[in-house]
Amino acid sequence: MPFKFFFKVVVISLSLLSSAHATSSPEDELVATVKIVLRKSFNTDWEGLEQLPKIKWAPLPPTMLQNCLPDGGCFTRQGTATIGGRNLMVIATGARTIVSNLYFRNMTAPFGEAAVVAALKQAGFSTDLARCPVKNGIGGTNWYRLKSTSTNPGYLSIQSSCNGRPCEGFTLTQGEDLPRLQPNQLRLYSEQCSGTVSDRKPVSTVMPHEQLAQMLVALLPPATGPALYDWKTLPNLASSAQWFGAPKKGDLSYKGDPNPWMLTGTVTFSGRQVSLLASGSPTQVKTIYFDESGQHPSGEDVLGRLRTQGQDVRLARCGPVYTESTNNWYSVTSVKSRPVMLRQSLHYDGKQVSDSYELRLDATLPKRDPRDRDPGVGGCKE
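If you read the sequence shown in the numbering used here, its first letter stands for residue 10, the second for the next number, and so on.
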């Protein structure tokens, strides 16, 4: 083979190798991990994490947490990764048998948000900006809705600021639903991101527990009207609630509720999902139940919000003593509404809590449990 021809072949081969290597940028390597997690064949249990290249995981089983995380995960598995020459800390969170979220914290040179989004598009993803900081806010994270023909849907959040300081983190969440914000984030972010920055309105300026209190007040029978309202009136009192079908006969003995008719529904308070159940006679609504589907940070004061809306809320009875929950009854009265009884049940999980409420429009209390306590007795206090 002539030397000149051999030399040209070598040069061309090296050029091709160099070009192929150049296409594998740091952001491409990160996106490759995203694509593996979202692909339809990905094994979403804890062992499935071993499929991810460049990540070294702590040994199985995952760690069970004493207190579940705000994302709902009660199990975690930590790891370290070297992706595109960057060193990252990785944490997977989820339930006992399934992984729901992957957190990446970049400890070295940033990938850059624009570069990562461009790489996602190059890999075949649509990248709709689903959540973004409001104008002049301190939020430093954008959430992108990811979809492609070869993967399951998901979200990638990219954090570029930590309380005003540069930082970089990524959170990959599987599924159709936009991850829920914490209450203190609702004012900082918008889900109207397609227009200009000035068009971005906060997800909510009213906290979820404030919205719950507003709905409770809206459901109170007015002082000038009948003591109980009919089933047709119920949907008109709280427009944010969605009721399913028409009331029907049902057995609510598991709740200790003798009412023979029921109607189920749901309501969402700034991403916080609450199941609804109304019970009563064939013609009148007597009781309405609120059961939170998840958890939220403790410290909210629904009763306090009722008081700011003109309601006189007084402790009427305390339920049995439990270490991780309280079940107390309160009388709720005002000059504008008829008196009712309200049960507040708080179920604690470390610093997280889930709420349940039972609103008795006929102002009755259930049959007394022998373990129930009166105010001021046996530690019964608000």
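Cβ atoms here follow ideal geometry from the backbone N, Cα and C, with glycine treated the same way.
So, using beta-carbon positions, are residue i and residue j closer together than 7 angstroms?
| i | j | result |
| --- | --- | --- |
| Leu190 | Gly254 | no |
| Ile45 | Leu58 | no |
| Cys327 | Arg369 | no |
| Ala104 | Arg86 | no |
| Thr102 | Leu78 | yes |
| Thr214 | Arg196 | yes |
| Gly275 | Leu286 | Here residue 275 is Thr; the residue named in the question, Gly, does not match the sequence. Contact flag unset, no. |
| Ser363 | Gln304 | yes |
| Leu315 | Ala247 | no |
| Ser166 | Gly149 | no |
| Pro162 | Glu185 | yes |
| Leu324 | Glu367 | no |
| Asp371 | Thr292 | no |
| Arg209 | Lys144 | yes |
| Thr89 | Lys63 | no |
| Leu97 | Asn115 | yes |
| Glu309 | His218 | yes |
| Glu38 | Gly93 | yes |
| Val283 | Ala132 | no |
| Asn268 | Lys241 | no |
| Lys188 | Ser199 | The sequence shown places Pro at residue 188, not Lys. No, they are not a contact pair. |
| Phe134 | Ser157 | yes |
| Trp252 | Leu228 | no |
| Tyr357 | Glu333 | yes |
| Met216 | Pro235 | no |
What span of residues does the alpha helix (DSSP H) with residue i cover, start to end?
| i | result |
| --- | --- |
| Met224 | 217-227 |
| Gln124 | Correcting the residue type first, residue 124 is Ala in the shown sequence and not Gln. Ala124 -> alpha helix (DSSP H) spans 122-131. |
| Pro244 | 243-246 |
| Arg314 | 311-317 |
Output the boundary residues of the beta strand (DSSP E) element that contains residue i.
| i | result |
| --- | --- |
| Gly163 | 163-171 |
| Ile45 | Segment 35-47 is the alpha helix (DSSP H) holding Ile45; no beta strand (DSSP E) there. |
| Thr332 | Careful: Thr332 lies outside any beta strand (DSSP E) and carries neither H nor E. |
| Thr182 | 174-183 |
| Cys141 | 135-142 |
| Asp364 | 361-369 |
Give me whichever residues DSSP pairs with residue i in a beta bridge.
| i | result |
| --- | --- |
| Met98 | Thr89, Arg114 |
| Asn193 | In the DSSP output, where bridge partners are listed per residue, Asn193 has none listed. |
| Asn151 | Ile167 |
| Ser343 | Ser346 |
| Val108 | Gly103 |
| Thr160 | Arg48 |
| Leu374 | Leu374 pairs with nothing; no bridge assigned. |
| Val322 | Val341 |
| Leu4 | Absent from the model: residue 4. The displayed extent of the chain is 10 to 391, so no value can be given. |
| Ser199 | Cys141, Pro211 |
| Pro306 | Gln361 |
| Arg382 | Cys327 |
Which whole-angstrom value describes the C-beta separation of residue i and residue j, a residue pair presumed to lie in contact below a C-beta threshold of 8 angstroms?
| i | j | result |
| --- | --- | --- |
| Leu351 | Tyr339 | 5 angstroms |
| Val108 | Glu36 | About 23 angstroms; that fails the 8 angstroms criterion. |
| Tyr164 | Arg154 | 6 angstroms |
| Gln353 | Asn337 | 6 angstroms |
| Asp260 | Ser365 | With 8 angstroms as the limit, Asp260 and Ser365 do not qualify as a contact, their Cβ atoms being about 20 angstroms apart. |
| Lys345 | Pro231 | 7 angstroms |
| Leu129 | Cys202 | So it is not a contact: roughly 16 angstroms between Cβ atoms. |
| Pro306 | Arg380 | Not a contact, Cβ separation roughly 29 angstroms. |
Measuring only between beta-carbons, confirm whether residue i sits less than 7 angstroms from chain C.
| i | result |
| --- | --- |
| Lys345 | The structure shown contains no chain C, having only a single protein chain. |
TODO: Entirely within the region 228-304 and at least 3 residues each: give me those beta strand (DSSP E) ranges in chain order.
DONE: Listed in chain order, the complete beta strand (DSSP E) runs (minimum 3 residues) inside the region 228-304 are 270-278, 281-289, 294-301.
- [ ] Identify every run of the beta strand (DSSP E) within the region 57-89, keeping only runs that are complete inside it and at least 3 residues long; order them along the chain.
- [x] 64-66
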